[in-house]
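Note that the numbering used here has the sequence shown beginning at 9, numbered continuously upward.
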Amino acid sequence: MTVFIMEYRVIGFSPAMAMHPNPRAGRRTFFVNSDDLETDDIKAVVEAARSPENTPKGYQLFSVKDRDAGTEVRP
Numbered sequence: 009m010t011v012f013i014m015e016y017r018v019i020g021f022s023p024a025m026a027m028h029p030n031p032r033a034g035r036r037t038f039f040v041n042s043d044d045l046e047t048d049d050i051k052a053v054v055e056a057a058r059s060p061e062n063t064p065k066g067y068q069l070f071s072v073k074d075r076d077a078g079t080e081v082r083p
C-alpha cells in the first residue's frame with residue numbers, strides 16, 4: 009500500500025504567499041491510498057490528478073509525492 013500526496017496551488021500562486029500567516033494559504037493537499045486508485049505507478053497518478061474533474065476549481069496541480077518511496081513528480 010502506497011500513499012500519494014497531491015499538492016495543488018492556486019492559479020497565480022506567488023512566492024509572496026509564503027509570508028502569509030496561514031502556512032497553507034494558496035495550497036490544497038490531498039492524501040490518496042494506492043488501493044483506492046488501483047495503481048502504484050506515480051505517472052498514472054499524476055495523469056489522474058491533472059484531469060479537470062479531479063482538480064479543485066481555481067487550482068492547478070503542483071506535485072505528486074510517493075510518501076513511502078520519497079519520490080516527487082511535477083507535471
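The beta-carbon is built from N, C-alpha and C at its ideal position, and this holds for glycine as well.
Nearest to LYS65 by CA position, among PHE12, HIS28, ASP76 and GLY34, is which residue? The option with the nearest alpha carbon to LYS65 is GLY34.
So, using beta-carbon positions, are SER42 and PHE12 closer together than 8 Å? Contact: yes.
Could you tell me the alpha carbon to alpha carbon distance between SER22 and HIS28, rounded to whole angstroms? Rounded to the nearest angstrom, the two C-alpha atoms are 11 Å apart.
Going by C-alpha to C-alpha distance, which of ALA26, VAL18 and VAL72 sits closest to ALA52? Nearest C-alpha to ALA52: VAL72.
7 Å Cβ shell around GLU15 - same chain, five flanking residues per side excluded: If you ignore the 5 residues before and after GLU15, its C-beta comes within less than 7 Å of the C-beta of ARG35, THR37, PHE70 and SER71, all in its own chain and listed in chain order.
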